[in-house]
Amino acid sequence: MAKLSERRTTWTFLRALLWKNWLIKRRHSIATACEVLVPVVFILLLGLLKSTTTTVAVPTGWSDTTSSTSDDSIGTSYNLFQPTGLTIEWVNADLPKFTLHESTMTGLIMKLGVQSVDDAIRLEELSTDDQKTCSTGVVTKGFIETNTSSAFRVPTECMDKVSPYKIGIVPDNAFTRSYFTEAIDMWYPRMDLLNSSSDSLVVPSFKESIQFFNSNDALTEYVKSNKYGKGIENPRIFAAIVFDSVPSGDEIGTFASIEYTLRLNSTTGDSAGRVPSTGSSLAATDPFQTDINTDYYSRYAVTGFMTLQTLVTRFVTCMPEWSSANQSTTGVCQRSQTTALASTSLDSALLETLTDDVLIQEVINTGLVSGNSSFSSILKSMSNSMKELLLTPLRQAPQPFMGATVAPFAVDSFDNSSFYDTISNVFPVIFALAYLFTISRILVVFIQEKELRLREFMKILGVSEKSIISTWYMTYTLILFVGAIVQALAGLVGLFPNTSVILTFLFFFLFGMSVLALAYLVSTIFSKARVGSFVGMVVFFFMHVLSQAFTAETAEGAKTIGCLLSPVGLSLGVQVLADAETTGAGVTFANVSELNSNFRFSTALWMFAFDTVFYTIIGLYFEKVMPK
Numbered sequence: 001m002a003k004l005s006e007r008r009t010t011w012t013f014l015r016a017l018l019w020k021n022w023l024i025k026r027r028h029s030i031a032t033a034c035e036v037l038v039p040v041v042f043i044l045l046l047g048l049l050k051s052t053t054t055t056v057a058v059p060t061g062w063s064d065t066t067s068s069t070s071d072d073s074i075g076t077s078y079n080l081f082q083p084t085g086l087t088i089e090w091v092n093a094d095l096p097k098f099t100l101h102e103s104t105m106t107g108l109i110m111k112l113g114v115q116s117v118d119d120a121i122r123l124e125e126l127s128t129d130d131q132k133t134c135s136t137g138v139v140t141k142g143f144i145e146t147n148t149s150s151a152f153r154v155p156t157e158c159m160d161k162v163s164p165y166k167i168g169i170v171p172d173n174a175f176t177r178s179y180f181t182e183a184i185d186m187w188y189p190r191m192d193l194l195n196s197s198s199d200s201l202v203v204p205s206f207k208e209s210i211q212f213f214n215s216n217d218a219l220t221e222y223v224k225s226n227k228y229g230k231g232i233e234n235p236r237i238f239a240a241i242v243f244d245s246v247p248s249g250d251e252i253g254t255f256a257s258i259e260y261t262l263r264l265n266s267t268t269g270d271s272a273g274r275v276p277s278t279g280s281s282l283a284a285t286d287p288f289q290t291d292i293n294t295d296y297y298s299r300y301a302v303t304g305f306m307t308l309q310t311l312v313t314r315f316v317t318c319m320p321e322w323s324s325a326n327q328s329t330t331g332v333c334q335r336s337q338t339t340a341l342a343s344t345s346l347d348s349a350l351l352e353t354l355t356d357d358v359l360i361q362e363v364i365n366t367g368l369v370s371g372n373s374s375f376s377s378i379l380k381s382m383s384n385s386m387k388e389l390l391l392t393p394l395r396q397a398p399q400p401f402m403g404a405t406v407a408p409f410a411v412d413s414f415d416n417s418s419f420y421d422t423i424s425n426v427f428p429v430i431f432a433l434a435y436l437f438t439i440s441r442i443l444v445v446f447i448q449e450k451e452l453r454l455r456e457f458m459k460i461l462g463v464s465e466k467s468i469i470s471t472w473y474m475t476y477t478l479i480l481f482v483g484a485i486v487q488a489l490a491g492l493v494g495l496f497p498n499t500s501v502i503l504t505f506l507f508f509f510l511f512g513m514s515v516l517a518l519a520y521l522v523s524t525i526f527s528k529a530r531v532g533s534f535v536g537m538v539v540f541f542f543m544h545v546l547s548q549a550f551t552a553e554t555a556e557g558a559k560t561i562g563c564l565l566s567p568v569g570l571s572l573g574v575q576v577l578a579d580a581e582t583t584g585a586g587v588t589f590a591n592v593s594e595l596n597s598n599f600r601f602s603t604a605l606w607m608f609a610f611d612t613v614f615y616t617i618i619g620l621y622f623e624k625v626m627p628k
């Protein structure tokens, strides 16, 4: 009977407290309405702003979001073989917009000289004549040797301003030095492409273009050292081939397992790396991507990654003869089938890959190669013996008879809104600001009861702390529920038309509940409503600011942990919504758990629910231990 009486008393108190909360909210009807409507107003204003921008209908095919000349609302379609339209930071040449040709090893070796001059330190301090002699010597005459006694050393006129680029070979052993390097050097000897007594366009040999390192760690330590890139004796490393597992002893020259790693600059920051970074946990696919992204495959194809990959593949398929007794190779392939026979038509197709090589074209574009505007003009006057030298590696499988091209798949039609990209930097901030009023009001009602000692009076009457807190939770759950419905409908009208209205509702409602719990947690620390509400808003906004530390490459686990601060989850979740709406896909139940920039929209939802419970438990603990 006592327990039944206690339950009846508790229910009586709950009804009375809920009625009290209703009277308070009705008395402050404008403030209560603002708790519901302020976020709605922000959403409607953003939707109105979005309506002033043009949504571009991108057609099916190889198209992009650039407005066509005839209609601003329609995207532009291109031919797959559009000859221009793409730029890469590391390549100073016109690139096809979509279909790219894999760079040749000849072009990559020539590129090392151009890059050495481009990255020279204070080259302008040299006299005009010395600058010309230095640049011409490195770029067109192939003077890139670091050995000062070599006839092909970097010109003395460079005065240590130029540190030549090399390709690192790791490790330094019999396989890499006596077998791999010697065989490849037979394919890529030093050669002058111009049939002229006055001008030169020299391709340095493979041996002249490499630097050996004992181990991968030694390579890393060298690149990180203070002496790196200072003078000709400390060359820069353009790329490296690291042989992780190779045959040794009598197994050299046999068809044994070979494992290797390619290392290229993937620096992020003001200057993009030659290849995309692989150190992050970015997903292999992007479910919200609807446009053609040329960034990744273009750099792999042009800047040397695929070139070195093809080089090692040709060596392995050829597997040159090896003499264990002499520790030498003849360069003759053990598999003769891997070498294409000479053919006028096929040889022309192979030489065409050199014409299409943008790295060779970049060398010609330097203006240091007199009288030539393209490699095709050089080919016309080239001797047959020189063509044979160029054809030797190209005839090795895999042969680029079709040009070794890389191209993206066509895209389906989609609608693209530039609005979200335009305001991407402030989009999450706007939503954080929209909830500042809500959290301040919740803080006031929690703290004001303590400040006016109303909570103590209610306890004297027998009302428990649990009943007081739970009724405020019930009251604000209803308010936030109504607010989330209105926000979801407002978003459906203009800002998030392609996103499931149910998911939008859950997002705003669960976040609102986490705000309620956070406000309760903060309220346990303060006894003055004005101070508590101010500090609470500052803490809330500071939590949001922390979300700026997360980038698209930040690991998913780190972002999930960051969502322990619910404003961080709001920022990341809103960014997913914006990305999904940009392409017209929207967030639906089909893709709610898909990764987008290493974050799932579903993660935001369940983390909001977790935060609500987490903040409440900590708040209840503080309520017990904090001095009154």
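In this text, residue positions in the sequence shown follow full-length UniProt numbering: the first is 1, and each later residue adds one.
Virtual Cβ for every residue (Gly too), placed ideally from N, Cα, C.
| request: Return the bridge partner residues of residue 415 from the DSSP annotation. | output: Here residue 415 corresponds to residue number 415 of the sequence shown, with the count starting at 1. Its beta-bridge partners are 57.
| When burial is assigned at 16 or more other CB atoms within 10 Å of the CB, is residue 96 buried or exposed? | The residue given as residue 96 occupies position 96 in the sequence shown. Answer is buried; the Cβ neighbour count reaches 16.
| message | Going by DSSP in three states, residue 629 sits in which element: helix, strand or coil? | response | In the structure as shown, the chain starts at 1 and stops at 628, and residue 629 therefore has no counterpart that could be examined.
| request: Given a cut-off of 8 Å, decide if residue 592 and residue 503 are closer than it, judged by their beta-carbon atoms. | output: Residue numbering aside, residue 503 sits at position 503 when the sequence shown is read from its first letter. Residue numbering aside, residue 592 sits at position 592 when the sequence shown is read from its first letter. In contact: residue 503 and residue 592 (Cβ atoms closer than 8 Å).
| said: Let me check one thing: in DSSP terms, what residues is residue 600 bridge-paired to? | reply: One-based indexing of the sequence shown puts residue 600 at position 600. Note: residue 600 sits in a beta bridge opposite 595.
| said: Per DSSP, what are the beta-bridge partners of residue 166 in this structure? | reply: Taking the first residue of the sequence shown as position 1, residue 166 is located at position 166. DSSP output for residue 166 lists 237 as bridge partner(s).
| How about residue 286 and residue 103: do their beta carbons lie closer than 8 Å? | On the sequence shown, position 286 is the one that residue 286 refers to. On the sequence shown, position 103 is the one that residue 103 refers to. No; because the gap between Cβ atoms is not below 8 Å, this pair is not in contact.
| said: Can you find the residues in the same chain that come closer than 6 Å, C-beta to C-beta, to residue 270, ignoring five residues on each side of it along the sequence? | reply: Within the sequence shown, the letter at position 270 stands for residue 270. Its pLDDT being 49, under 50, residue 270 is placed unreliably by the model, and nothing is read from it.
| request: Could you work out which residue in 50, 309, 166 and 130 is closest to residue 109 when comparing CA atoms only? | output: What you label residue 109 is simply residue 109 of the sequence shown in a count that begins at 1. That would be 166, whose Cα lies nearest to the Cα of residue 109.
| request: Throw me the rounded Cβ distance for the residue 148 and residue 410 pair, which I believe falls under 8 Å. | output: Walking along the sequence shown from the start, residue 148 turns up at place 148. Walking along the sequence shown from the start, residue 410 turns up at place 410. Not a contact, Cβ separation roughly 54 Å.
| Touch check for the region 152–160 and the region 120–137: three-plus C-beta pairs under 8 Å? | yes
| request: Tell me whether residue 243 sits in a helix, a strand or coil according to DSSP, three-state version. | output: The residue you call residue 243 lines up with position 243 of the sequence shown. Correct three-state label for residue 243: strand.
| Comparing the C-beta of residue 266 with each C-beta of chain B, is any distance below 8 Å? | Annotation note: the requested chain B is absent from the structure, which comprises a single protein chain.
| said: Alpha carbons only, please: which of 432, 583, 210 and 520 is nearest the one belonging to residue 540? | reply: Walking along the sequence shown from the start, residue 540 turns up at place 540. The candidate whose alpha carbon is nearest that of residue 540 is 432.
| Is the Cβ-Cβ distance between residue 99 and residue 80 less than 8 Å? | As a working mapping, residue 99 is identified with position 99 in the sequence shown. As a working mapping, residue 80 is identified with position 80 in the sequence shown. Their beta carbons are under 8 Å apart, which means residue 99 touches residue 80 by this criterion.
| task | Kindly indicate which residue of 131, 329 and 379 has the alpha-carbon position closest to the one of residue 254. | result | Translated into the one-based positions of the sequence shown, residue 254 becomes position 254. Comparing Cα positions, the closest option is 329.
| Terminal residues of the alpha helix (DSSP H) in which residue 34 lies | Start at 1 with the first residue of the sequence shown, and residue 34 comes out as number 34. Counting along the chain, the alpha helix (DSSP H) containing residue 34 begins and ends at 29–51.
| message | Could you tell me the alpha carbon to alpha carbon distance between residue 525 and residue 543, rounded to whole angstroms? | response | Residue mapping note: residue 525 aligns to position 525 of the sequence shown, counting from 1. Residue mapping note: residue 543 aligns to position 543 of the sequence shown, counting from 1. Using only the alpha carbons, I get a separation of about 18 Å.
| residue 188, enclosing beta strand (DSSP E) - first and last residue | In the sequence shown, the residue the question calls residue 188 occupies position 188. Per DSSP, residue 188 belongs to no beta strand (DSSP E) and is neither H nor E.
| field | Local conformation of residue 505 per DSSP, three classes | value | Taking the sequence shown and counting its residues from 1, one reaches residue 505 at position 505. Three-state result, residue 505: helix.
| said: Using 8 Å as the threshold, is the C-beta distance between residue 529 and residue 447 below it? | reply: To locate residue 529, count along the sequence shown from 1; it is residue 529. To locate residue 447, count along the sequence shown from 1; it is residue 447. Going by C-beta atoms, residue 529 is nearer than 8 Å to residue 447.
| task | Using beta-carbon positions only, say whether residue 397 and residue 338 come within less than 8 Å of one another. | result | Translated into the one-based positions of the sequence shown, residue 397 becomes position 397. Translated into the one-based positions of the sequence shown, residue 338 becomes position 338. Cβ atoms of residue 397 and residue 338: closer than 8 Å.
| query | Whose C-beta lies closer than 7 Å to the C-beta of residue 137 among residues of the same chain, with five residues either side of it excluded? | reply | Taking the first residue of the sequence shown as position 1, residue 137 is located at position 137. Correct list, in chain order: 143 and 155.
| query | Would you report the Cα separation of residue 618 and residue 545, rounded to the nearest angstrom? | reply | Taking the sequence shown and counting its residues from 1, the one referred to as residue 618 is at position 618. Taking the sequence shown and counting its residues from 1, the one referred to as residue 545 is at position 545. Rounded to the nearest angstrom, the two C-alpha atoms are 23 Å apart.
| request: Look at residue 195 and residue 383 and say whether their C-beta atoms are less than 8 Å apart. | output: Residue 195 sits at position 195 when you count from the first residue of the sequence shown. Residue 383 sits at position 383 when you count from the first residue of the sequence shown. Yes, the Cβ-Cβ distance between residue 195 and residue 383 is below 8 Å.
| query | Which of helix, strand or coil does DSSP assign to residue 72? | reply | Taking the sequence shown and counting its residues from 1, one reaches residue 72 at position 72. Correct three-state label for residue 72: coil.
| message | Is it the case that the region 512–520 contacts the region 603–619, given that we only count it when at least three CB pairs across the two stretches are under 8 Å? | response | yes
| task | Classify residue 265 as helix, strand or coil using the three-state DSSP reduction. | result | Position 265 of the sequence shown, counted from the first residue, corresponds to residue 265. Three-state DSSP puts residue 265 in coil, outside helix and strand.
| query | In three-state terms, what does DSSP make of residue 270? | reply | Residue mapping note: residue 270 aligns to position 270 of the sequence shown, counting from 1. Note that residue 270 scores 49 on pLDDT, short of 50, meaning its location in the model is unreliable; the coordinates nonetheless yield the value given after this. In this structure, residue 270 counts as coil in the three-state DSSP scheme.
| request: With a 10 Å radius around its C-beta and 16 neighbouring C-beta atoms as the bar for buried, classify residue 27 as buried or exposed. | output: Numbered from its first residue, the sequence shown carries residue 27 at position 27. Exposed, by the Cβ-count rule.
| request: For residue 318, I'd like the list of residues in its chain whose CB is within less than 6 Å of its CB, leaving aside the five on either flank, ordered along the chain. | output: Numbered from 1 along the sequence shown, position 318 holds the residue referred to as residue 318. Here the set comprises 333, 338 and 396.
| query | Would you call residue 335 buried or exposed, if buried means 16 or more other Cβ atoms sit within 10 Å of its Cβ? | reply | The residue given as residue 335 occupies position 335 in the sequence shown. Exposed, because fewer than 16 other Cβ atoms sit within 10 Å of the Cβ of residue 335.
| C-alpha distance - residue 506 paired with residue 566, whole-angstrom precision | As a position in the sequence shown, residue 506 is number 506, starting the count at 1. As a position in the sequence shown, residue 566 is number 566, starting the count at 1. About 14 Å.
| If we ignore side chains and look at the alpha-carbon of each, how far apart do residue 217 and residue 552 end up? | Along the sequence shown, one-based indexing puts residue 217 at 217. Along the sequence shown, one-based indexing puts residue 552 at 552. Roughly 29 Å separates the two Cα atoms.
| So, residue 203 versus residue 141, is the Cβ gap smaller than 8 Å? | Counting from 1 along the sequence shown, the entry for residue 203 is found at position 203. Counting from 1 along the sequence shown, the entry for residue 141 is found at position 141. Not a contact, by the Cβ cut-off of 8 Å.
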